Amino acid sequence: MVSADQPEPALDPALVGRAHRAVEPLHNHVYFVPETEQHLTAIGLRPGRMVYFAGRAAPMGAVGPGVVTATFSNFSPAIVGRHVPRAWTLASPEQVVTARAASARASLTRLLGGEEAAAAPEVTELTDLLVEACTVLTAEGRPLYAGHADLPWPEDPVTRLWHAASLLREWRGDGHVAVLVRAGLSGLEALVTHTATGRGFLPASAKATRGWSDEDWDAAAARLADRGLLDGDRLTEAGQRLRADLETETDALATAPWAHLGPERTARVVELGKRLSATLVTNGAYPAGVFAGR
Numbered sequence: 055m056v057s058a059d060q061p062e063p064a065l066d067p068a069l070v071g072r073a074h075r076a077v078e079p080l081h082n083h084v085y086f087v088p089e090t091e092q093h094l095t096a097i098g099l100r101p102g103r104m105v106y107f108a109g110r111a112a113p114m115g116a117v118g119p120g121v122v123t124a125t126f127s128n129f130s131p132a133i134v135g136r137h138v139p140r141a142w143t144l145a146s147p148e149q150v151v152t153a154r155a156a157s158a159r160a161s162l163t164r165l166l167g168g169e170e171a172a173a174a175p176e177v178t179e180l181t182d183l184l185v186e187a188c189t190v191l192t193a194e195g196r197p198l199y200a201g202h203a204d205l206p207w208p209e210d211p212v213t214r215l216w217h218a219a220s221l222l223r224e225w226r227g228d229g230h231v232a233v234l235v236r237a238g239l240s241g242l243e244a245l246v247t248h249t250a251t252g253r254g255f256l257p258a259s260a261k262a263t264r265g266w267s268d269e270d271w272d273a274a275a276a277r278l279a280d281r282g283l284l285d286g287d288r289l290t291e292a293g294q295r296l297r298a299d300l301e302t303e304t305d306a307l308a309t310a311p312w313a314h315l316g317p318e319r320t321a322r323v324v325e326l327g328k329r330l331s332a333t334l335v336t337n338g339a340y341p342a343g344v345f346a347g348r
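Once you know that position 11 of the sequence shown is 65 in this note's numbering, the rest is easy, because the numbers rise by one and skip nothing.
Take a look at the structure:
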């Protein structure tokens, strides 16, 4: 028997999502800044999507297109296959990892306002909190996280902040992919439903960056409509419930690091993360015309 008087959860579930959103720009800005392409093309990679695929996959080693497609989830296999494994003939994964860390340090320092701003006490405080949160992350069922977790912790403080944010982001992302699989959504179908929420990528940007044709997109939308999840370019009530459930379940799978910190320190992560992420946005971390609301 289970008592009807259940204890209050130690951590507000909504706080998990807020912590993720506050911290994520500290990692994902690298996909949009010029420093990333500058550093990775300098070691031999071709500009554009190859930089993205090789940069993010390199911690897993010289993996093939199937592994990249599976772990990244919402990219067209055809676009992945154009760049992987060719990338590894131009630069080794070890070279890519080193160059990517250097680009992250350069971009994060610039976007925070320079070396002095990047060494501010609040940056150090947030770094310490995120590093502590990472101590309870585990690799089981989280392949993209596991590759990043095998890398040594950087000594440089700014790179250390970026690495901690990366570990948390990829750990959550692996859990999110598992939730999508459980819901019976392909990567493309998940992408279509997410753009239909009015958050994240705009549809044109999602197609362009993920390598999907209009025909691919329309076919996925038709399948979602057949399931009663999409009506035109809008989610139905069932689709809205599904998206809400996906986020709730993803948060549930991503609770461990924040439960480890506890509510007060997690709230502090949200406070500091939002402040620093807002600075990144103000200083031009993201281009116009990519995300809804930007």
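Virtual Cβ for every residue (Gly too), placed ideally from N, Cα, C.
All values derive from a computational prediction rather than experimental measurement.
Item to complete: Classify R295 as buried or exposed, calling it buried when 16 or more other Cβ atoms lie within 10 Å of its own Cβ.
Response: By the Cβ neighbour-count rule, R295 is exposed, with fewer than 16 other Cβ atoms within 10 Å of its own.
Worksheet item: When you compare only the Cα positions, how much space is there between A58 and D66?
Response: Residue confidence for A58 is low, a pLDDT of 42 falling below 50, so the modelled location carries little weight; the figure read from the coordinates is stated next. Approximately 19 Å between the Cα atoms of the pair.
Worksheet item: From what residue to what residue does the alpha helix (DSSP H) around D287 run?
Response: Premise fails: D287 is in no alpha helix (DSSP H) and is neither H nor E.
Worksheet item: Based on the DSSP secondary-structure assignment, which residues constitute the bridge partners of F255?
Response: F345
Practice prompt. Starting from the C-beta of R348, find all residues in its chain whose C-beta is less than 7 Å away, skip the five residues before and the five after it, and write them out in chain order.
Written response: At R348, the pLDDT of 47 sits below 50, so the modelled position is not reliable; the number obtained from the coordinates is stated separately. Correct list, in chain order: Y340, A342.
Worksheet item: With distances taken from CA atoms, which of R277, L222, T143, A156 is nearest T247?
Response: R277
Item to complete: Counting only the same chain and skipping the five closest in sequence on each side, list residues whose C-beta sits under 7 Å from that of R264.
Response: Taking C-beta separations shorter than 7 Å and ignoring five residues to either side along the sequence, the partners of R264 in its chain run N128, F129, S130, L245, following chain order.
Item to complete: In angstroms with no decimal places, state the Cα-to-Cα distance between V121 and P101.
Response: In a straight line, the C-alpha of V121 is about 21 Å away from that of P101.
Fill in: Nearest-angstrom Cβ-Cβ length linking P79 and V323, presumed shorter than 8 Å
Not confirmed; about 13 Å, so no contact.
Practice prompt. State the Cα-Cα distance for the pair L191 and Q92, rounded to the nearest angstrom.
Written response: 32 Å
Discussion item. Can you give me the C-alpha to C-alpha distance between H314 and A187, rounded to a whole angstrom?
Written reply: 6 Å
Item to complete: With distances taken Cα to Cα, identify the nearest neighbour of A405 among L289, L242, E269.
Response: The structure shown does not extend to residue 405, since the chain is modelled only from 55 to 348, so the question has no answer here.
Fill in: Where V77 falls, given that 16 or more other Cβ within 10 Å makes a residue buried
Buried is the call here.
Worksheet entry | Burial state of P206 (16 or more Cβ within 10 Å) | Within 10 angstroms of the beta-carbon of P206 lie fewer than 16 other beta-carbons, which makes it exposed.
Worksheet item: Among residues of its own chain, excluding the 5 on either side of P257, which ones have a beta-carbon nearer than 6 Å to its beta-carbon?
Response: T249
Discussion item. I'd like the list of long-range same chain contacts for R214, defined as Cβ closer than 8 Å, with 5 residues on each side in sequence excluded.
Written reply: Taken in chain order, the residues that qualify are T181, V185, W207, P208.
Worksheet item: Counting pairs of Cβ atoms below 8 Å between the segment 289–306 and the segment 156–175, do you hit three or more?
Response: The segment 289–306 makes no contact with the segment 156–175, as fewer than three CB pairs between them are under 8 Å.
Worksheet item: Enumerated in chain order, which unbroken segments of the alpha helix (DSSP H) with a length of 4 residues or greater are wholly contained in the segment 164–229?
Response: 169–172, 175–188, 197–203
Worksheet item: Quick one: what's got a C-beta closer than 7 Å to P311's C-beta in the same chain, skipping five residues either side?
Response: A187, C188, V190, L191, L222
Worksheet item: What does a CB cutoff of less than 6 Å around D228 pick up in its chain, not counting 5 residues either side in sequence?
Response: The residues R196, L198, Y199, in chain order, have a CB closer than 6 Å to that of D228 in the same chain once the five nearest residues on each side in sequence are set aside.
Fill in: Closest residue to A321 among R288, E179, R110, L289 (Cα-Cα distance)
E179
Worksheet entry | Same chain, Cβ closer than 6 Å to A153, five either side skipped, listed in chain order | Counting only Cβ-Cβ distances below 6 Å, and skipping sequence neighbours, we find H93, L94, I97.
Worksheet item: For H83, which residues from the same chain have a beta carbon less than 6 Å from its beta carbon, with the 5 sequence-adjacent residues on both sides left out?
Response: L334, A339
Worksheet item: Are the Cβ atoms of L326 and L166 separated by less than 8 Å?
Response: no
Item to complete: Quick one: grab the DSSP three-state call for V138.
Response: Under the three-state reduction of DSSP, V138 is assigned to coil, being neither helix nor strand.
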